[in-house]
Every structure is written in structure tokens, then in C-alpha cells.
Amino acid sequence: MKKTLLAVALAPLCLQSSLVSAQTTTDETMVVTANRFEQSAKNTIASVSVVTKEEIDAIQAKSLTEVLRRLPGVQVVAGGYGQTTEVFVRGTKSAHLLVLINGVRIGSATLGAVDFSQIPLTGVERIELVRGTRAAQYGSDAIGGVLNIITTYQQGENLAQATVGGGSNGFYELGASFAGEIGNVSWGKVAIKTNGADGFSARKDPYESDNDGFEQSNAVAEIGTHIDDNWTVSLQGYFQDGESEYDDGLFAFGAEAENSLYNLASHLKYSDERFNSEVILAYNEDESENKTDSSSGSKIATDRTVATWQNHHQLNSNVDFGGGLEWNREKVSNSLNRYTDDKRDNMAVYVTSIYHDERWLFEGSARTDDSDSYGRNNTWQLGAAYHVTSQVQLSANAGTAFKAPSFNDLYWPGQGNPDLEPEEAQSAELTLQGQHERFNWGVTWYQNDVDKLIAWAPDASGNWMPSNINQAELKGLEAIVGFDTGPIRHDLSYDFLDSEDKETKKELARRSRHSGKWNMSYLAEQWQFDLSAIYKGTSYEDAFNTQKLGAFTLFDLGASYYLSENLTLRGRINNLFDADYEVKSSYNVQERSYYANVTYQF
2 MKKTLLAVAL
12 APLCLQSSLV
22 SAQTTTDETM
32 VVTANRFEQS
42 AKNTIASVSV
52 VTKEEIDAIQ
62 AKSLTEVLRR
72 LPGVQVVAGG
82 YGQTTEVFVR
92 GTKSAHLLVL
102 INGVRIGSAT
112 LGAVDFSQIP
122 LTGVERIELV
132 RGTRAAQYGS
142 DAIGGVLNII
152 TTYQQGENLA
162 QATVGGGSNG
172 FYELGASFAG
182 EIGNVSWGKV
192 AIKTNGADGF
202 SARKDPYESD
212 NDGFEQSNAV
222 AEIGTHIDDN
232 WTVSLQGYFQ
242 DGESEYDDGL
252 FAFGAEAENS
262 LYNLASHLKY
272 SDERFNSEVI
282 LAYNEDESEN
292 KTDSSSGSKI
302 ATDRTVATWQ
312 NHHQLNSNVD
322 FGGGLEWNRE
332 KVSNSLNRYT
342 DDKRDNMAVY
352 VTSIYHDERW
362 LFEGSARTDD
372 SDSYGRNNTW
382 QLGAAYHVTS
392 QVQLSANAGT
402 AFKAPSFNDL
412 YWPGQGNPDL
422 EPEEAQSAEL
432 TLQGQHERFN
442 WGVTWYQNDV
452 DKLIAWAPDA
462 SGNWMPSNIN
472 QAELKGLEAI
482 VGFDTGPIRH
492 DLSYDFLDSE
502 DKETKKELAR
512 RSRHSGKWNM
522 SYLAEQWQFD
532 LSAIYKGTSY
542 EDAFNTQKLG
552 AFTLFDLGAS
562 YYLSENLTLR
572 GRINNLFDAD
582 YEVKSSYNVQ
592 ERSYYANVTY
602 QF
């Protein structure tokens, strides 16, 4: 095999360990999401998982959730492609996970969450997931963590490739990407993709039994230039448009959801040996419409404008300072109903500092958010780590976070409650981890108390209204280990989660107390194999714990054959042993399914 071909084949295997956690990767692993500037993983206390483009290609993920479900601390509840998806990070709900594209907030301000089923992997270079509260850096929503989807052009990359593939239930995919330098000082990137499937019936009898398919088209683009040795400017664009069919009630036939999202962001950066500064101006729109054969639902949209000025200064070899200003305006619309108030502004200031030497690492962050809709919220984060030995580290982290009420919570016509307060959280975690020559490991204990949870319930007149009435306690243990047995790389994780509604003393719905993942990768000549086993223990379908969902284990197998330096053949089997399982009552799930694709690099 030629050296260049070997390098292509080895890349996913070498980066496989990054899937588990940046806490257990090599010292050279760099992360940008933990403290809003690029830093070595060894100099951050946050629990960070990093997934690279090479890793995504190796496991042949068709959706974002297929990547996330392999990570420690994450439980995913999903049916077929394009169907409603829930992502729980350390037991917190989907709305408690802040989602960014290249550092810019996205999502619906009416629902207060992101539709994970509609976020594609087109043009993704890296995914970083920070587990644990991070509101002192990012503000609202970062109660369970922060997910940053990074599509930024990688310096020196020159790529032109095309992919075509197909699979079970009428699945198809077509994609192409181009990236490279333009002249001596500029660069450009374009990635486009379209995919879809006939699908299967989303729900069981007696609901509608026709196939519920989806179609999606998306694109990523970037152009930038180095003005001089210190200044760069770039413009990034992200677009996705999709339709997905679903079963909604016994008599709502032909139910279909149309979703679109686009994000435009300009970046102006200054950097020298000790100081980095960046101004980001961004605009994104999230739009959705639900309709059936007999009726059209309302078209709901969120327009968001963001202006950020963030800075990082390395005072000396031991001390770093950072901070910035952030302004955010959200404006919503509903084609059938008018909100009492359809616009809100938020202004924030944050500061962060880091000290590190051969033995100690300290982090501290504080932020204040001032919203003209729900008032002022102050958050903080403190962390410390001590190198017990050169290979073993003990760390502790604590902080506060909040979740802003959505526009539906506050202003839904006739039912919203403008007096709602933000949901609040206090969290702490303790980690012991080791990085050794032949293996790595880590154990984290955490607790997250979430107060003033917003719940909708009927008032004295029978009208459904939201109020801050619920409390939840989430505590658990994450254990990870990575090692090699000959040419096979193993990454294992186990999660214990104790989730409780403080009022009812019941477990929170659809969260399993026990879950585990075992990801294996094997390289042999021009072949690469990837096998994952994902275990999800028993959970409850309802808040009162009357309906139990059984435990199950899913196996997925992927294989890649590097036919030449330019041509790669890939195949994948999902649910290898055709397990019969249930993630939500009355909903169907994917049976054993097969996928294949061909990628040609020009």
C-alpha cells in the first residue's frame, strides 16, 4: 500500500480515541468550546468529547444523533431518520443543551430547543460536546452542556470529492465538497448534500400505518482571506431545508413537517503571539410548518441576530485571561397567531481566567445576562485540577446556569405566562483520570439540581398555562476507558444516572439508570472495520413511572475499503442482530438496515 493511502486509512483509527473524551486524549488535542478560545485539552477542566470528520466518515453516520449516541453521558431517544428526537446529556432534556454552529447559537426561540433530527453532517470538520453547565461562558440553555458543530475550513486542506450512496427503506444520498487555497492568502470551501428515504411507519397501530419518509438538502460554504500576518476575515454560510412525514393522532393523515434553517456569520480576527480578538456578526433563521392532508398548520419562525466580541490574552506562560461582549436579538412570528410580544434583546458580558503550572490548573468564569424579557441573570463557574502524578489528575468543577423561557411559554396567545422566571441550575462534578502509555481512563461524579422548571398544567378554569413549579435532581457517574489490543482500538464508557422529580420522587421519563457504549475500530491493510455496541437500560415512558420500557443493546457494524488513493467503498449494517426494542411507547424503530456508499476524491 502506498504511504499516502496508508495515511488516509490510518487517520480515523488514530483519532478514534478522541470520540470518548478530550480528558483522555493526547496533550496535543485542541478544543475551542470549553472557554471560547483554542486551548490544549490538558489545560481545560471541562468534560469535553471531540469527534473528527475522519471519525464521522469511519462510522458512516447518517445523522448527528448517530454520532452523539456513542458519547459518554448521552442518551438518545429517536425513531427513523427525520423523526422527532430527544437528546439527554447527563439526564438533562434537549432544551438544556445549547447548540452552536461555529460558535453561533441556533435553534427555535418559540419551542426553546433545537430539532436534532434536522441538523445534517454536511461539511462538518469537528464536533465538540462539553458536558456540564457552561452558562458562565455562553448564557441561557447551557444547563446540560454545549454542543458546537464546527464546519470551519482547516488550514492547508485541499479537497475535491463526491459521494453517492443508498440503503434500506429507500435511503439515498448524493454529496460533493470542495475546499482549498485561493491564491497565496485566501481560501474557500463548499459542501452540498441531498438525502432522503421512504422510511417506515413512525407509530404503531392504531395510528396511520403508511411509510413516513423524509427529504433533506443542505449546504455549507466559506470564503476568507488573510489581510496581513495578524488580521483575517471570513464569511460562513450554512443552509438546510427538509421535509419529514410523521403520524400525528388517529385521524391526522398525511402529516408532514417542513423545516429550514440558515445561518450567515462574518468573522474578523486579530491574533499575535499573546493576544487574540474576534468580532462575529451573525444572522440565522429557523422556520417550521406542520400540516396534514386536510389542513395547514401555522408557519413559525425565529429570526436571530448575534453580535459578539471575544478576546483572549496570554499574560505569561502560566496565566490566561479572556472575556467579551455579546448582544442577541430574537424575533419570532406565527402565521396564524400573533404573540403578545414577538421580540426580545439580551446583552451579556463575560470574563474568564486560567492559571496553570506543572501541578495545578485553576479556572474561573463569570457572566451577566440582561434580557428585556425576563430580567438579569448572573452565572459563575469555578474549577481546579491537581496532577497527582505526571499521568494522573484529580479535578473539581462547579457552576450555575439558567434556561430562558421560550416565546411559547411567555406569550402564546391566550395561554402564555409573561411572569415566568428562567429555569435555574447548580452543578458540581469531581473527576479522577489517567493518561498512560497503553491506555487511558477517567471517572466522573456529578450532580445537577435544576429548579423552577417550567411545566404546563390546567389552571382553575381548565386553561393550560405554564408555571415554574418543578424541581429535578440529576446525579450520576461516568466511567471511560480506552486501550488497544493489537490492531484493535477499544473505547468503552459506562453511565449511571439517578434522575428524580423532587415533587413526585419518581424517575424522569425516558432516562435509563444504566447505559454503556463499546466502540471498536480495526485496521488491516486497506480495510477498516468499526463495531459499536450501545446498551440502554430500563426506563419509564411516563412521569409517574407506570409504564416501563425494556432494556436493549444495539450493534452497528461498518466497513471501509480503500480501493485506491482516490476511491473508497463503505458499507454499514445498523441494528446488526435485528433487536426488537422500544424507545417510546407506541412508536416504531428501525429494524436491521443496510447502507453503502462510494466516495471518489479528485
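The number in my numbering is simply the position in the sequence shown, starting from 1, with 1 added. C-beta: ideal position from N, C-alpha, C; glycine also. These numbers were taken from a predicted model, which means no experiment stands behind them.
In the DSSP annotation of this structure, V186 is not part of any alpha helix (DSSP H), being labelled neither H nor E. The DSSP-derived three-state label of N464 is coil.
When DSSP states are grouped into helix, strand and coil, G483 belongs to the strand group.
For A136, no beta strand (DSSP E) encloses it; the enclosing alpha helix (DSSP H) starts and ends at A136 to Y139. Scanning the region 356-408 from its first residue to its last, the whole beta strand (DSSP E) runs of 3-plus residues come out as 361-372, 376-388 and 393-404. Taking a C-beta distance under 9 Å as the contact criterion, Q591 and G81 qualify as a contact pair. Spatial neighbours of S500 in its own chain (CB-CB distance under 6 Å, excluding positions within 5 residues in sequence) are listed in chain order as G92, L475, E508, L509 and R512. When secondary structure is reduced to three states using DSSP, Q217 falls in the strand class. About 23 Å separates the Cβ atoms of Q138 and S318, ruling out a contact at the 8 Å cut-off. Counting C-beta pairs with one atom in each stretch, the region 357-366 and the region 30-46 have three or more that are closer than 8 Å, which means they touch. Considering only E182, Y173 and T164, the residue with the shortest C-alpha distance to E158 is E182. Membership of V68 in the alpha helix (DSSP H) is indicated by the continuous run L65 to L69. Taken in chain order, the region 525-593 contains no complete alpha helix (DSSP H) segment of 4 residues or longer. V320 has Y356 as its beta-bridge partners, per DSSP. Each of N277, V88 and A180 was checked against the Cα of L160, and the nearest Cα belongs to A180. Look at the beta carbons and you see the region 575-585 touching the region 545-562: at least three pairs across the two are nearer than 8 Å. In this structure, D450 is the residue among L411, N418 and D450 with its C-alpha nearest to the C-alpha of A429. V90 is the residue among V90, S522, K344 and T66 whose C-alpha sits nearest the C-alpha of V75. Distances from the CA of I120 to each of E438, N196 and L326 were compared; the closest alpha carbon is that of N196. Counted as a single uninterrupted DSSP element, the beta strand (DSSP E) harbouring A161 occupies residues L160 to G168. Pairing A198 with A177 gives a Cβ-Cβ distance that is not under 9 Å.
For I281, the uninterrupted beta strand (DSSP E) segment begins and ends at F276 to K292.
CA-CA distance, Y596 to I574, rounds to 6 Å. Scanning Y375, N469, D287 and L433 for the CA closest to the CA of S396 turns up L433. For the 9 Å CB-CB criterion, N418 and M466 form a contact. Of the candidates G435, Y284, Y208 and E542, the residue whose Cα lies closest to the Cα of T390 is G435. Relative to the Cα of G572, the nearest Cα in the group T547, Q40 and T600 belongs to T600. Selection T152, Y563 and L175 evaluated against A163 yields L175 as nearest (Cα-Cα).
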